[in-house]
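Q: Sending over a structure as structure tokens; questions will come in a sec.
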Amino acid sequence: MKNSNLFILLALAAIVLTTLACASGNPYASVESPAGFWKGLWDGMTVLFSGLISIFNHSYGLYEVNNNGGMYNLGFWLGISLLAGASRASAGK
């Protein structure tokens, strides 16, 4: 019974994160408001789901082109690092 509950919880989490990853892109973002650190952090944490979406939807990208440079990049790589650390910690249990 525990394994089926865990599977359902993981499936729901995957659906929610995929939905949030789809909603993260803003094709109508203006040049005056480029993506910053927090958007980079979010994009880094949802990079796996964004990658899956970009396979089927070629207009969707992993990386926000309209960004403010170094702070977005820092957030993006920190988000990827947090994702990798969390997956490694859960795999070790």
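Residue numbering for the sequence shown is -23 to -1, 1 to 70, as defined by mature numbering (1 follows the signal peptide of the UniProt record, and there is no 0). In this text, a Cβ means the ideal position worked out from N, Cα and C, and glycines have one as well. Just so we're clear, the structure is a prediction, and the values are computed from it rather than from any experiment.
Looking only at C-alpha atoms, which of 45, -11 and 29 sits nearest to residue 10?
A: Answer by Cα proximity: 45.
Q: Comparing C-alpha positions only, which one of 20, -16 and -13 sits nearest to residue 52?
A: If we check each option's Cα against that of residue 52, 20 comes out closest.
Q: Is the CB-CB distance between residue 22 and residue 56 below 7 Å?
A: Contact flag set, yes.
Q: Tell me which residues share the same chain as residue 59 and place their Cβ nearer than 7 Å to its Cβ, disregarding the 5 neighbours each side in the sequence.
A: Excluding sequence neighbours, residue 59 sits near 22.
Q: Going by other Cβ atoms of all chains shown within 10 Å of its Cβ, with 16 needed for buried, is residue 18 buried or exposed?
A: Residue 18 should be labelled buried.
Q: Can you tell me whether residue 12 is buried or exposed, with buried defined as 16 or more other CB within 10 angstroms of its CB?
A: Answer is buried; the Cβ neighbour count reaches 16.
Q: Rounded to whole angstroms, what is the Cα-Cα separation between residue -13 and residue -20?
A: Rounded to the nearest angstrom, the two C-alpha atoms are 10 Å apart.
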